[in-house]
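*Asks:*
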Amino acid sequence: MFNFAYAQSATQQPSMLASFVPLILIFLIFYFLLIRPQQKRQKEHKLLLDAIQRGDEILTSGGIVGKVTKVDGEKLNVDISSNVNVVVIRSTVADVLKKSKRMLKINKWRVLLVFFVCLLGIYYLLPNLYNKTEVTALPNYLSKKQVNLGLDLQGGSHLLLEVDTNVVLKEKSEYLVDEIRSSLRKNKIKYTNLGSKIKGAVVTITDPDKVNIARNAIRENIDKGINVKSNLNKLILSFSEEFILDSNNQTIDQSIEVVRKRVDESGTKEPIIQKQGEDRIIVQLPGIKDPERVKALIGRTAKLNFHLLDPTTVELAEQRGKLPPGTFKVSNADPTAYEKEFVVKKRVLLTGERLKNAAATIDQQTGRYVVAFEFDRKGAKKFGKVTTDNTFQRLAILLDNKVISAPQIREPITGGQGNISGNFSPEAANDLAVLLRAGSLPAPIEVLEERTVGPSLGIDSINAGKKALVIGFVLVIVFMIIKYRFFGIIADIAIFTNIILLIALLSLIEATLTMPGIAGIVLTIGMAVDANVLVFERIKEELRSGRSIINSIDLGYKFAIKTILDANITTLIAALLLYNYGSGPIKGFAVTLSIGILTSMFTALVLTKLIVSFWILKLKPNKIFL
Numbered sequence: 008m009f010n011f012a013y014a015q016s017a018t019q020q021p022s023m024l025a026s027f028v029p030l031i032l033i034f035l036i037f038y039f040l041l042i043r044p045q046q047k048r049q050k051e052h053k054l055l056l057d058a059i060q061r062g063d064e065i066l067t068s069g070g071i072v073g074k075v076t077k078v079d080g081e082k083l084n085v086d087i088s089s090n091v092n093v094v095v096i097r098s099t100v101a102d103v104l105k106k107s108k109r110m111l112k113i114n115k116w117r118v119l120l121v122f123f124v125c126l127l128g129i130y131y132l133l134p135n136l137y138n139k140t141e142v143t144a145l146p147n148y149l150s151k152k153q154v155n156l157g158l159d160l161q162g163g164s165h166l167l168l169e170v171d172t173n174v175v176l177k178e179k180s181e182y183l184v185d186e187i188r189s190s191l192r193k194n195k196i197k198y199t200n201l202g203s204k205i206k207g208a209v210v211t212i213t214d215p216d217k218v219n220i221a222r223n224a225i226r227e228n229i230d231k232g233i234n235v236k237s238n239l240n241k242l243i244l245s246f247s248e249e250f251i252l253d254s255n256n257q258t259i260d261q262s263i264e265v266v267r268k269r270v271d272e273s274g275t276k277e278p279i280i281q282k283q284g285e286d287r288i289i290v291q292l293p294g295i296k297d298p299e300r301v302k303a304l305i306g307r308t309a310k311l312n313f314h315l316l317d318p319t320t321v322e323l324a325e326q327r328g329k330l331p332p333g334t335f336k337v338s339n340a341d342p343t344a345y346e347k348e349f350v351v352k353k354r355v356l357l358t359g360e361r362l363k364n365a366a367a368t369i370d371q372q373t374g375r376y377v378v379a380f381e382f383d384r385k386g387a388k389k390f391g392k393v394t395t396d397n398t399f400q401r402l403a404i405l406l407d408n409k410v411i412s413a414p415q416i417r418e419p420i421t422g423g424q425g426n427i428s429g430n431f432s433p434e435a436a437n438d439l440a441v442l443l444r445a446g447s448l449p450a451p452i453e454v455l456e457e458r459t460v461g462p463s464l465g466i467d468s469i470n471a472g473k474k475a476l477v478i479g480f481v482l483v484i485v486f487m488i489i490k491y492r493f494f495g496i497i498a499d500i501a502i503f504t505n506i507i508l509l510i511a512l513l514s515l516i517e518a519t520l521t522m523p524g525i526a527g528i529v530l531t532i533g534m535a536v537d538a539n540v541l542v543f544e545r546i547k548e549e550l551r552s553g554r555s556i557i558n559s560i561d562l563g564y565k566f567a568i569k570t571i572l573d574a575n576i577t578t579l580i581a582a583l584l585l586y587n588y589g590s591g592p593i594k595g596f597a598v599t600l601s602i603g604i605l606t607s608m609f610t611a612l613v614l615t616k617l618i619v620s621f622w623i624l625k626l627k628p629n630k631i632f633l
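The sequence shown begins at 8 in the numbering used here and counts up one residue at a time.
#1: Pull the bridge partners of Ile280 from the DSSP assignment, please.
#2: At the level of alpha carbons, what is the spacing between Ser514 and Leu605?
#3: Relative to the C-alpha of Arg602, which residue among Phe566, Tyr586 and Ile369 is closest?
#4: Considering only the alpha carbon of each residue, which of Val301, Gly62, Gly69 and Gly374 lies closest to Val75?
#5: Mind pulling the beta strand (DSSP E) runs of 3 or more residues that sit fully within the stretch 361-397?
#6: Could you tell me which of Gln371, Leu316, Ala208 and Glu434 sits nearest to Thr394, measuring between CA atoms?
#7: Could you compute how far the alpha carbon of Ser26 sits from the alpha carbon of Pro628?
#8: Looking at Arg222: is its Cβ nearer than 7 Å to the Cβ of Val235?
#9: Comparing C-alpha positions only, which one of Arg458, Asp341 and Asp396 sits nearest to Gly429?
#10: How would you call Lys616, buried or exposed, if buried means at least 16 neighbouring beta carbons within 10 angstroms?
#11: Considering only C-alpha positions, which residue in the set Ala403, Leu311 and Ala445 is nearest to Val351?
#12: Are the CB atoms of Asn397 and Ile427 within a distance shorter than 7 Å?
#13: Determine, using beta-carbon pairs with one atom in the stretch 228-242 and one in the stretch 255-269, whether at least three such pairs fall under 8 Å.
#14: Quick check on this structure: which residue in Glu272, Leu311 and Gly333 has the alpha carbon closest to the alpha carbon of Leu304?
#15: In whole angstroms, what is the alpha-carbon distance linking Pro414 and Arg401?
#16: Using only the alpha-carbon positions, how far apart do Gly306 and Ala445 sit?
#17: What do you get for Phe399, buried or exposed, if any count of 16 or more other CB atoms within 10 angstroms of its CB means buried?
#18: What would DSSP say about Asn430, mapped onto helix, strand or coil?
#19: Where does Leu316 fall in DSSP's three states?
#20: Give the secondary structure of Ala17 by DSSP, where H, G and I count as helix, E and B as strand, and everything else as coil.
#21: Do the stretch 503-510 and the stretch 549-562 touch if we need at least three Cβ pairs shorter than 8 Å?
#22: Is Asp214 helix, strand or coil when you go by DSSP?
#23: Taking C-beta to C-beta, are Gly163 and Ile279 nearer than 7 Å?
#24: Thinking Asn1 and Thr172 are a contact (beta carbons under 8 Å), I'd like their distance in whole angstroms, please.
#25: Write down the C-beta distance between Lys310 and Ser447 rounded to the nearest angstrom, noting that I regard them as a contact closer than 8 Å.
#26: So, with DSSP's three-state summary, where would you put Tyr585?
#27: Does Ile7 pass the burial test, meaning 16 or more other C-beta atoms within 10 Å, or should it be called exposed?
#28: Helix or strand or just coil, what does DSSP make of Ile618?
#29: Which residues in the same chain have their Cβ closer than 7 Å to the Cβ of Trp622, if we skip the five residues on either side of it in sequence?
#30: For Gly80, which residues in the same chain have their Cβ closer than 6 Å to its Cβ, ignoring the five residues on either side in sequence?
#31: DSSP state of Val100, grouped into three classes?
#32: Given that a residue counts as buried once 16 or more other Cβ atoms are within 10 Å of its Cβ, and exposed if not, what is Gln326?
#33: Suppose you measure from the CA of Arg361 to the CA of Leu439; what does that come to, to the nearest Å?
#34: Short of 8 Å in beta carbon distance, which residues of its chain neighbour Lys336, apart from the five on each side in sequence? Order them along the chain.
#35: Looking at C-beta atoms only, is the number of pairs between the stretch 80-96 and the stretch 119-137 that lie closer than 8 Å three or more?
#36: Ser552 CB to nearest chain B CB: under 7 Å?
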């Protein structure tokens, strides 16, 4: 009995399920072919109605065709002819025949642009997650550019230099004496007591009747800004205040350029070199490990001259009691060398101004370090003539009036290349090459002040800056989420992306980050929030006026963008002025602020709108919370 009943139910159950299968299939067919398409059409129609805005050409269910001139909630003002304007209800619109140019949409090229920019941002950000040693070990296809830390963050040296501008004025005074002598001899005017002073020269004309002739002759050959006065038969030449000022400024500018070249050649990253006062230079060297070496490089005048060595020895000259005419005594730059002093001819055969390049290298024959140099075309020609005319004589190479090398000219050197040999260490050879490449200072430099900033201060500053940045970022994130909910999350994504792009751009230009620079980054976060707040508040206003979601978002970005651009452009102008007229840390602040303005506008106006467009057009929410 039991078995029979079980068998009976077992045979009946499949037949009951089979009877429902056609009904299920019919329902599915009905749903997918009729119900679902109808729901989709209704939803699309609702979105179409919600997106209606001024400028759209519509068709009502009553057959009215016209252009929307005003949108007031559910009421639409429609212009159907030149003199006829009617009001229709939004729900009566059957179709939108022609959309206005402005509407919320997703542009694929904009999507690709945003994706590409964000990808580049991550690419240039990654090296900053490693230290200097780890970065050098990265593969070549990865970027190795990092944000450099300033003096206040990683420590280093601070130098205050003073340029002796009076030396240049003295040299110009001596040159002026030569000009006076040449002018008077050319005009056959006799003179006496010709000599220079610190800021001019003086000469006595033998014949009082020719004083005016001499004065006019001298005026023709001297620079403007040199005053010529007569006192009886004496002519007094003096530099004007404007001439002295121009000369000093030129000397300082040239000194700064030479110092910068030397510091750059030494491998120091992002040094700060700037003028202070009338004759002083500030040099800040972040992360410098050997300040004494750099200080020695900076302080050397590095005037390179080539002279012939006089065959007369110092001992012989001392026995005679005087040096040969046209010679002078000079000491050896190497105090450990056998020859302590030399007798050198005064005539300068060639100067270092014609050097094109210099590099430390190893002599293959001796195995010692030498400095290989190369002249430019004119220098090579002159060097070839000097070595040709003075074969088998010794050529003294003087650096700052000390002999660094005195080799014998064994054969003419016509290629414009040569070596400076000596008892050089690798560091000394490299330093000499740096000095020669950078050129000589126009005037001596003295180190007035030297301060060392310890790395602990830098670490403390970095930690304080990181703490301020993290706290500010977290507070902004929390506030935006509480205030604007889902839109707040979108704004937070934009802020996070903004920081990535900002650091990436700073890495790309290898900028120096200082404490004011960190302050600029924190300020940028606030500016990025301001831009998003302006957009969101504008969207809220449009929603309160009764406009649709799509229309409100579109108009919110449309009307907010002008305000955002105006505010950011004015701030950008101020930042550029700070960079142009500021110095040191002020420039660092201006750089981070300027870049932050550009990235914040990109994330607020492009990135967030793209995210919102995706959300609205893909998920089609019926309501948003702001």
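Glycine included, each C-beta is placed from N, C-alpha and C at the ideal position.
All of these numbers come straight from a predicted model, not from anything done at the bench.
*Replies:* Well, looking at it:
#1: One-based indexing of the sequence shown puts residue 280 at position 273. In DSSP, Ile280 forms a bridge with Val290.
#2: Here residue 514 refers to the residue found at position 507 of the sequence shown. Here residue 605 refers to the residue found at position 598 of the sequence shown. In this model, Ser514 and Leu605 are separated by some 15 Å (Cα to Cα).
#3: Your numbering for residue 602 matches position 595 in the sequence shown. Correcting the residue identity first, residue 602 is Ile in this sequence and not Arg. Here the closest residue by C-alpha is Tyr586.
#4: Translated into the one-based positions of the sequence shown, residue 75 becomes position 68. Cα-wise, what sits closest to Val75 is Gly62.
#5: Complete beta strand (DSSP E) runs here, min 3: 362-369 and 376-382.
#6: As a first step, residue 394 must be located in the sequence shown, where it is residue number 387. Answer by Cα proximity: Leu316.
#7: As a first step, residue 26 must be located in the sequence shown, where it is residue number 19. As a first step, residue 628 must be located in the sequence shown, where it is residue number 621. A caution first: Ser26 carries a pLDDT of 49, below 50, which makes its placement in the model unreliable, though a value can still be read off. Looking at the two C-alpha atoms, the distance is approximately 40 Å.
#8: Here residue 222 refers to the residue found at position 215 of the sequence shown. Here residue 235 refers to the residue found at position 228 of the sequence shown. Their beta carbons are under 7 Å apart, which means Arg222 touches Val235 by this criterion.
#9: By 1-based counting over the sequence shown, the position of residue 429 is 422. The closest CA to that of Gly429, considering only Arg458, Asp341 and Asp396, is found on Asp341.
#10: Numbered from its first residue, the sequence shown carries residue 616 at position 609. With 16 or more Cβ atoms within 10 Å of its Cβ, Lys616 is classed as buried.
#11: For the purposes of this step, residue 351 is identified with residue 344 of the sequence shown, where counting begins at 1. Of the candidates Ala403, Leu311 and Ala445, the one whose C-alpha sits nearest the C-alpha of Val351 is Ala403.
#12: Numbered from 1 along the sequence shown, position 420 holds the residue referred to as residue 427. Numbered from 1 along the sequence shown, position 390 holds the residue referred to as residue 397. The answer is no: Cβ separation not under 7 Å.
#13: no
#14: Along the sequence shown, read from residue 1 onward, the residue named residue 304 stands at position 297. For Leu304, the nearest C-alpha among the options comes from Glu272.
#15: The sequence position of residue 414 within the sequence shown is 407, counting from 1. The sequence position of residue 401 within the sequence shown is 394, counting from 1. The alpha-carbon atoms of Pro414 and Arg401 are separated by roughly 5 Å.
#16: Start at 1 with the first residue of the sequence shown, and residue 306 comes out as number 299. Start at 1 with the first residue of the sequence shown, and residue 445 comes out as number 438. One C-alpha to the other measures close to 13 Å.
#17: The count along the sequence shown starts at 1 and reaches residue 399 at position 392. The residue in question, Phe399, is exposed, as its Cβ has fewer than 16 Cβ neighbours within 10 Å.
#18: On the sequence shown, residue 430 is found 423 positions in, with the first residue counted as 1. If DSSP states are grouped into helix, strand and coil, Asn430 belongs with the strands.
#19: Looking up residue 316 in the sequence shown gives position 309. Looking at Leu316 - three-state DSSP - the assignment turns out to be strand.
#20: As a first step, residue 17 must be located in the sequence shown, where it is residue number 10. Legend: pLDDT at Ala17 = 39, less than 50; position of this residue unreliable, value from coordinates given subsequently. Reduced to three states, the DSSP call for Ala17 is helix.
#21: Touching, no, given that fewer than three Cβ pairs across the two stretches are closer than 8 Å.
#22: In the sequence shown, residue 214 corresponds to position 207, counting from 1. Three-state DSSP puts Asp214 in coil, outside helix and strand.
#23: In the sequence shown, counting from the first residue as 1, residue 163 sits at position 156. In the sequence shown, counting from the first residue as 1, residue 279 sits at position 272. No, the Cβ-Cβ distance between Gly163 and Ile279 is not below 7 Å.
#24: With the chain covering only 8 through 633, there is no way to say anything about residue 1.
#25: By 1-based counting over the sequence shown, the position of residue 310 is 303. By 1-based counting over the sequence shown, the position of residue 447 is 440. Between Ser447 and Lys310 the Cβ distance is about 4 Å, and since that is below 8 Å, they are a contact.
#26: Along the sequence shown, read from residue 1 onward, the residue named residue 585 stands at position 578. Position check: residue 585 holds Leu in this sequence, whereas Tyr was assumed. Of the three classes helix, strand and coil, the one that applies to Leu585 here is helix, per DSSP.
#27: With the chain running from 8 to 633 in the structure shown, residue 7 is simply not present.
#28: Counted from its first residue, the sequence shown places residue 618 at position 611. Ile618 sits in a helix when the DSSP states are folded into three classes.
#29: Position 615 of the sequence shown, counting from 1, holds the residue named residue 622. Apart from sequence neighbours up to five positions away, no residue of its chain approaches Trp622 with a beta-carbon distance below 7 Å.
#30: Indexing the sequence shown from 1 puts residue 80 at position 73. Answer for Gly80: Gly553, listed in chain order.
#31: In the sequence shown, counting from the first residue as 1, residue 100 sits at position 93. The answer is strand: DSSP assigns Val100 an E or B state.
#32: Counting from one through the sequence shown, the residue named residue 326 turns up at place 319. Burial call: exposed.
#33: Against the sequence shown, residue 361 aligns to sequence position 354. Against the sequence shown, residue 439 aligns to sequence position 432. Cα to Cα, Arg361 sits roughly 16 Å from Leu439.
#34: For the purposes of this step, residue 336 is taken as the residue at position 329 of the sequence shown. So the list reads Val321, Ala324, Leu330, Glu348, Phe349, Val350 and Val351, once near-sequence residues are dropped.
#35: The stretch 80-96 is not in contact with the stretch 119-137.
#36: The structure shown contains no chain B, having only a single protein chain.
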